[in-house]
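A.B. asks: Numbering-wise, my numbering comes out as the position in the sequence shown, counting from 1, plus 4.
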Amino acid sequence: MNEINSLFSKLKQSSLFKAIAAYAVFSFVVVQVASLVSDTFDLNQQFMKNLIWVFLIGFPFLAVIAWAASSRFSTFKILGIFLFVLATGYGSGSYLWVNTFMMPQIKNAIEADDYVSAWIATNKVDSFAPFFSSTKRLNEEISTIANIRTEQDGVSIHWRPYLEKESTKWEYLGTSPEKEFRLPNGIVELKLEKEGYETFLVVSANPSLRFDNFSASMGWTLEPLKLQVEGSIPKDMVYIPGGPFIPAITGQGVNEVYLHPFYIDKNEITNKQFKEFVDAGGYNNPQYWVDMEIVREGVTLSFEEAKKLMIDTTGVTGPAGWEVGVYLEGQEDYPVTGITWYEALAYARFRGNSLPPMHHWAKAAYPPEEGIAPIAPRLLPDSNFDRKGLNKVGKQGLGPYGTYDMAGNAREWVWNIFGGVGLSLGGSYSDPVYTSSMQNPLPRFDRSPINGFRTVKLLNPRDMNPFGDPIRRSQPKPPSFYKPMNDEIFSIYSRNFTVGSINLNSKLIYKDESNPLWIKERVAVDLGYNSEVMDILIFKPKNTYGQLESIVFYPGANYYMTPPDIDEASIGEFGLDFIIKSGRAVVWPAIKGSMNRLNTDPPPSSLDDISRRWREALLHWRVDTFRTLDYIQSREDFDPNKIFYIGMSHGAILPTHTLLFEDRYKAAVLYVGGISTTIPPMSDGLNHVTRINTPILMLNGEQDYLVPKIMAEGFYNSLGTAPEDKKLVFYDSGHWPLPRNQMIKETLTWLDKYSSN
Numbered sequence: 005m006n007e008i009n010s011l012f013s014k015l016k017q018s019s020l021f022k023a024i025a026a027y028a029v030f031s032f033v034v035v036q037v038a039s040l041v042s043d044t045f046d047l048n049q050q051f052m053k054n055l056i057w058v059f060l061i062g063f064p065f066l067a068v069i070a071w072a073a074s075s076r077f078s079t080f081k082i083l084g085i086f087l088f089v090l091a092t093g094y095g096s097g098s099y100l101w102v103n104t105f106m107m108p109q110i111k112n113a114i115e116a117d118d119y120v121s122a123w124i125a126t127n128k129v130d131s132f133a134p135f136f137s138s139t140k141r142l143n144e145e146i147s148t149i150a151n152i153r154t155e156q157d158g159v160s161i162h163w164r165p166y167l168e169k170e171s172t173k174w175e176y177l178g179t180s181p182e183k184e185f186r187l188p189n190g191i192v193e194l195k196l197e198k199e200g201y202e203t204f205l206v207v208s209a210n211p212s213l214r215f216d217n218f219s220a221s222m223g224w225t226l227e228p229l230k231l232q233v234e235g236s237i238p239k240d241m242v243y244i245p246g247g248p249f250i251p252a253i254t255g256q257g258v259n260e261v262y263l264h265p266f267y268i269d270k271n272e273i274t275n276k277q278f279k280e281f282v283d284a285g286g287y288n289n290p291q292y293w294v295d296m297e298i299v300r301e302g303v304t305l306s307f308e309e310a311k312k313l314m315i316d317t318t319g320v321t322g323p324a325g326w327e328v329g330v331y332l333e334g335q336e337d338y339p340v341t342g343i344t345w346y347e348a349l350a351y352a353r354f355r356g357n358s359l360p361p362m363h364h365w366a367k368a369a370y371p372p373e374e375g376i377a378p379i380a381p382r383l384l385p386d387s388n389f390d391r392k393g394l395n396k397v398g399k400q401g402l403g404p405y406g407t408y409d410m411a412g413n414a415r416e417w418v419w420n421i422f423g424g425v426g427l428s429l430g431g432s433y434s435d436p437v438y439t440s441s442m443q444n445p446l447p448r449f450d451r452s453p454i455n456g457f458r459t460v461k462l463l464n465p466r467d468m469n470p471f472g473d474p475i476r477r478s479q480p481k482p483p484s485f486y487k488p489m490n491d492e493i494f495s496i497y498s499r500n501f502t503v504g505s506i507n508l509n510s511k512l513i514y515k516d517e518s519n520p521l522w523i524k525e526r527v528a529v530d531l532g533y534n535s536e537v538m539d540i541l542i543f544k545p546k547n548t549y550g551q552l553e554s555i556v557f558y559p560g561a562n563y564y565m566t567p568p569d570i571d572e573a574s575i576g577e578f579g580l581d582f583i584i585k586s587g588r589a590v591v592w593p594a595i596k597g598s599m600n601r602l603n604t605d606p607p608p609s610s611l612d613d614i615s616r617r618w619r620e621a622l623l624h625w626r627v628d629t630f631r632t633l634d635y636i637q638s639r640e641d642f643d644p645n646k647i648f649y650i651g652m653s654h655g656a657i658l659p660t661h662t663l664l665f666e667d668r669y670k671a672a673v674l675y676v677g678g679i680s681t682t683i684p685p686m687s688d689g690l691n692h693v694t695r696i697n698t699p700i701l702m703l704n705g706e707q708d709y710l711v712p713k714i715m716a717e718g719f720y721n722s723l724g725t726a727p728e729d730k731k732l733v734f735y736d737s738g739h740w741p742l743p744r745n746q747m748i749k750e751t752l753t754w755l756d757k758y759s760s761n
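#1: By Cβ distance below 8 Å, which residues in the same chain neighbour F307 in space, the five residues on each side in sequence not counted?
#2: Does the beta-carbon distance from W625 to H661 come in below 8 Å?
#3: Whole alpha helix (DSSP H) runs in the region 336-400 with 4 or more residues, listed along the chain?
#4: At a cut-off of 7 Å, would you count R499 as near the ligand ATP, judging by its Cβ distance to the nearest heavy atom?
#5: Helix, strand or coil: how does DSSP classify N143 here?
#6: Near V129, which residues of its chain fall below 7 Å by C-beta distance, leaving aside the five closest residues on each side in sequence?
#7: When you compare only the Cα positions, how much space is there between P743 and A116?
#8: Mind checking whether A122 and I146 have CB atoms under 8 Å apart?
#9: Check whether the region 403-416 and the region 266-277 touch, using three or more Cβ-Cβ pairs below 8 Å as the test.
#10: What is the DSSP secondary structure of E175, reduced to helix, strand or coil?
#11: With distances taken Cα to Cα, identify the nearest neighbour of K749 among I343, L701 and Y720.
#12: Roughly how many angstroms lie between the CA atoms of G286 and A350, to the nearest whole one?
#13: Between T604, E336 and R214, which has its C-alpha nearest G398's C-alpha?
#14: Got a sec? Which residues, its chain only, sit under 6 Å from Y370 by beta carbon, not counting five neighbours each side?
#15: Report the option in I379, G423 and Y346 whose CA atom is closest to the CA atom of W417.
#16: What is the DSSP secondary structure of A284, reduced to helix, strand or coil?
#17: With a CB to CB cut of under 7 Å and the five nearest residues on each side skipped, what residues in its chain are close to Q746?
#18: Would you call the CB atoms of I454 and S434 closer than 8 Å?
#19: For F449, collect the residues of the same chain with a Cβ closer than 8 Å to its Cβ; drop the 5 residues on either side in sequence, then sort them by chain order.
#20: Please state whether DSSP places D539 in a helix, a strand or coil.
#21: Does DSSP put G633 in a helix, a strand or coil?
#22: Verify whether the separation of the beta carbon atoms of G677 and F648 is less than 8 Å.
#23: In three-state DSSP terms, what is F2?
#24: Based on the DSSP secondary-structure assignment, which residues constitute the bridge partners of I244?
#25: Can you tell me where the alpha helix (DSSP H) with S498 in it begins and where it stops?
#26: So, for L674: in the same chain, excluding its five sequence neighbours on each side, which residues have a beta-carbon less than 6 Å away from its beta-carbon?
#27: Quick check on the burial criterion: 16 or more other C-beta atoms within 10 angstroms. Buried or exposed for S505?
#28: Between A589 and L552, which are expected to be in contact by the criterion C-beta below 8 Å, what is the C-beta distance as a whole number of angstroms?
#29: Within 10 angstroms of the Cβ of I496, are there 16 or more other Cβ atoms? Answer buried if so, exposed if not.
#30: Looking only at its own chain, which residues have a Cβ that is under 8 Å from the Cβ of K730, when we skip the five neighbours before and after it?
#31: Could you spell out the range, first to last residue, of the alpha helix (DSSP H) harbouring S121?
#32: Do you know whose CA, among V29, P361 and V527, lies nearest N464's CA?
#33: Buried or exposed, going by whether 16 or more other CB atoms sit within 10 Å of the CB of Q400?
#34: In terms of alpha-carbon separation, which member of M442, E175, V34 and L359 lies closest to M769?
#35: What separation, rounded to the nearest whole angstrom, lies between the Cα atoms of E577 and I250?
#36: Going straight from the alpha carbon of L229 to that of G375, what length do you get?
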């Protein structure tokens, strides 16, 4: 016992033991202090873990140094030398790492509008070197607080970057009813979990209506996310919440639709699943084929007649690409294709389900507000388009609620009749990307090798009326309507849009200088028709001298449908504050049908009435624009010769008459502009678009379903503007917003170019 005590006493007296003990105490104190001040100095949890690891890794090095130097130095000298070396190494290494590697990476990500990557990189810096780079302000610029509302309390909320499931772990955010969490701007995945409930996966852009942090209003809100009781969701299906949404289908406009909740297959139906239907005698069970009017090439067939045509490559009943009634080896997890609409419906009945109506398919494929907070810029590049063949299901194109492959791979049959024939949606592996949001009419007996499907289970069968009804297909305009007018006809036509100047009787209603960037004015001018007066909002940069260049702004469709009060309208909503920062003014007229001049007429009663209203609207917009430019040129603080046009969405799709008959615009910038397929002939401007010679910059989204790429290219190619005075740029984005930094760079470069002319 004495020997043990003696050994312990000697150990305590040794420099090695004292150095180790002092190091342990010092490490403990530092970790505790860091924990206490973590909130104050924004030290994240990962940094705390890294700090502990630094001290653990340093321990063996300290022990070796202390042992080697114990005969020459005191304990405190040993500890001091070691801590100095450790701190110097950490400091210099961190400084070099942050400034040489991380900050350039963050800068490049931000310039490319990849805020998720920038966010991950800044958090990595904060985790390892919070004292050598201040990223708090930067993080606030590239992120937004998301309000994640759930119907149940006690729901664990996790997130990760979209489509990085192989390399990124879920990060815990918090537990409801806590709901406010800062997330990077971009597309994110959420995982909601609670014991006794099914896990709920959600994909959304941030900001968005889903996160209750989007500046624009759609006139409606989304309900809190509701988890489903464990075991309530049918096998291989996912839950789609109900509520309002705008279908992301080309040609459907921006009309709000309300659906009840429903279930839909997570994946396209596979060969293996369809084989179960075949083996169960599905082709011979009349209950799956009842009430089907089977039509092939205009001829109605009996079921027995049709079944003789529903055969594989060897003449056995089954999908067209099978052999001897069996799918090819190794194809069990690939989507079943080569089937008619009738076979797809029979299988759905076999499962107790139905084929999805078009609107239900669209609800499951994209978020409710895809037009303004899209996931398509990431979803579509990850989907199976423009490739050689089908892929296994469940690998690509993760949708907003956990579905896969709704875009690409196999095009999918839906319930509705479309223009007298069947309808498929989503596009296929052999199609271009823009088909992902286009309606594809085809005969219901079509057995193409790219025809697949998935099924739906409606929780409210009443949704089939009206959403199961036939869908009217707009007839394409005949080619004769697209022939340019000759000079004589155009001369006669253009007289309808001749406008003369009048006394505007302009009145300043108010001037607001509360914004740090701009002075806002509201001015009223007479229009000279129907005794109407138009308000004009003016946003002027502060602390500027001399005459200002002016940008006349035409907004999106929401300002013609559910606009805010005119006094609440702000260019900040559209991110146009950069124009003010560039030293220019924004002039925003409340043209006919927008803001406080909304149309209150009853719905049109006929196609002729629709055409009449469009003709009247175009004339009103022509007059309103003429008065706006007259007013600008009447002010001494504006340069009368440097007036520009910027249109966004609606204001970029319908500029043809404004740009054609108004020669005072130096140049124009069209955000997500193109050809409209819904405007009546003549009013759409396509007959005279070749006469427009204004310098035009078009900025569009590659994944825009409202203005698909082919429509933007069609408008651009038809412009009469000289090739050197027009430019079309496509971004990896949806309809709106466009990548901000890249949009700003292109816009200002264009304005600068024509400001100097």
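Backbone N, C-alpha and C define an ideal beta-carbon position, used for all residues, glycine too.
C.D. replies: Concretely, from the data shown:
#1: Walking along the sequence shown from the start, residue 307 turns up at place 303. If you ignore the 5 residues before and after F307, its C-beta comes within less than 8 Å of the C-beta of P290, W293, M296 and I298, all in its own chain and listed in chain order.
#2: Within the sequence shown, numbered from 1, the residue matching residue 625 stands at position 621. Within the sequence shown, numbered from 1, the residue matching residue 661 stands at position 657. Yes, the Cβ-Cβ distance between W625 and H661 is below 8 Å.
#3: Annotation: the region 336-400 contains the following complete segments of the alpha helix (DSSP H) (minimum length 4 residues), in chain order: 345-354, 362-369 and 380-383.
#4: As for the ligand ATP, it is missing from this structure, which has no ligand bound.
#5: By one-based count along the sequence shown, residue 143 stands at place 139. Helix, per DSSP.
#6: One-based indexing of the sequence shown puts residue 129 at position 125. Only V102, M106, S137 and T139 meet the Cβ criterion.
#7: Counting from one through the sequence shown, the residue named residue 743 turns up at place 739. Counting from one through the sequence shown, the residue named residue 116 turns up at place 112. Approximately 8 Å, taken between the alpha carbons.
#8: In the sequence shown, the residue the question calls residue 122 occupies position 118. In the sequence shown, the residue the question calls residue 146 occupies position 142. Closer than 8 Å, so yes.
#9: With the cut-off at 8 Å, the region 403-416 and the region 266-277 touch.
#10: One-based indexing of the sequence shown puts residue 175 at position 171. Strand at E175.
#11: The residue labelled residue 749 in the question sits at position 745 within the sequence shown. When C-alpha distances from K749 are compared across I343, L701 and Y720, the shortest belongs to L701.
#12: Indexing the sequence shown from 1 puts residue 286 at position 282. Indexing the sequence shown from 1 puts residue 350 at position 346. Whole-angstrom Cα-Cα distance: 7 Å.
#13: Indexing the sequence shown from 1 puts residue 398 at position 394. With distances taken between Cα atoms, G398 lies closest to E336.
#14: Within the sequence shown, the letter at position 366 stands for residue 370. The residues A252, in chain order, have a CB closer than 6 Å to that of Y370 in the same chain once the five nearest residues on each side in sequence are set aside.
#15: Taking the first residue of the sequence shown as 1, we reach residue 417 at position 413. Here the closest residue by C-alpha is Y346.
#16: Numbered from 1 along the sequence shown, position 280 holds the residue referred to as residue 284. Coil at A284, not helix or strand.
#17: What you label residue 746 is simply residue 742 of the sequence shown in a count that begins at 1. In its chain, beyond the 5 residues on either side, D117 and Y735 have a beta carbon closer than 7 Å to the beta carbon of Q746.
#18: The residue given as residue 454 occupies position 450 in the sequence shown. The residue given as residue 434 occupies position 430 in the sequence shown. Result yes, Cβ atoms of I454 and S434 sit closer than 8 Å.
#19: Residue 449 sits at position 445 when you count from the first residue of the sequence shown. Beyond the five residues adjoining it in sequence on each side, F449 comes within less than 8 Å, by CB distance, of I298, V299, R300, E301, A310, L313, T344, W345 and Y346 in the same chain, given in chain order.
#20: Mapped onto the sequence shown, residue 539 falls at position 535. Note: D539 maps to strand in three-state DSSP.
#21: Position 629 of the sequence shown, counting from 1, holds the residue named residue 633. Reading off the sequence shown, one finds Leu at residue 633, where the question assumed Gly. Of the three classes helix, strand and coil, the one that applies to L633 here is helix, per DSSP.
#22: Residue 677 sits at position 673 when you count from the first residue of the sequence shown. Residue 648 sits at position 644 when you count from the first residue of the sequence shown. Contact flag unset, no.
#23: Because the chain is modelled from 5 through 761, residue 2 falls outside the range shown and cannot be assessed.
#24: In the sequence shown, the residue the question calls residue 244 occupies position 240. Beta-bridge pairing links I244 to F266.
#25: The residue labelled residue 498 in the question sits at position 494 within the sequence shown. From DSSP, the alpha helix (DSSP H) with S498 extends over D491 to S498.
#26: Walking along the sequence shown from the start, residue 674 turns up at place 670. The answer, listed in chain order, is G651, A656 and M702.
#27: Counting from 1 along the sequence shown, the entry for residue 505 is found at position 501. That one is exposed.
#28: Taking the first residue of the sequence shown as 1, we reach residue 589 at position 585. Taking the first residue of the sequence shown as 1, we reach residue 552 at position 548. About 5 Å separates the Cβ atoms of A589 and L552, confirming a contact at the 8 Å cut-off.
#29: In the sequence shown, the residue the question calls residue 496 occupies position 492. Counting other Cβ atoms within 10 Å of its Cβ, I496 stays below 16 and is therefore classed as exposed.
#30: Locating residue 730 in the sequence shown gives position 726, counting from the first residue. So the list reads P699, I700, L701, M702, Y720 and L723, once near-sequence residues are dropped.
#31: Within the sequence shown, the letter at position 117 stands for residue 121. Going by DSSP, S121 is part of the alpha helix (DSSP H) stretching over Y119 to F132.
#32: Translated into positions along the sequence shown, residue 464 becomes position 460. Answer by Cα proximity: P361.
#33: Within the sequence shown, numbered from 1, the residue matching residue 400 stands at position 396. Buried is the label assigned to Q400, since at least 16 other Cβ atoms lie within 10 Å of its Cβ.
#34: Limits of the chain in this structure are 5 at one end and 761 at the other, which puts residue 769 out of reach.
#35: To locate residue 577, count along the sequence shown from 1; it is residue 573. To locate residue 250, count along the sequence shown from 1; it is residue 246. Spanning the two alpha carbons is a distance of roughly 20 Å.
#36: Taking the sequence shown and counting its residues from 1, the one referred to as residue 229 is at position 225. Taking the sequence shown and counting its residues from 1, the one referred to as residue 375 is at position 371. Distance between the alpha carbons of L229 and G375 is about 21 Å.
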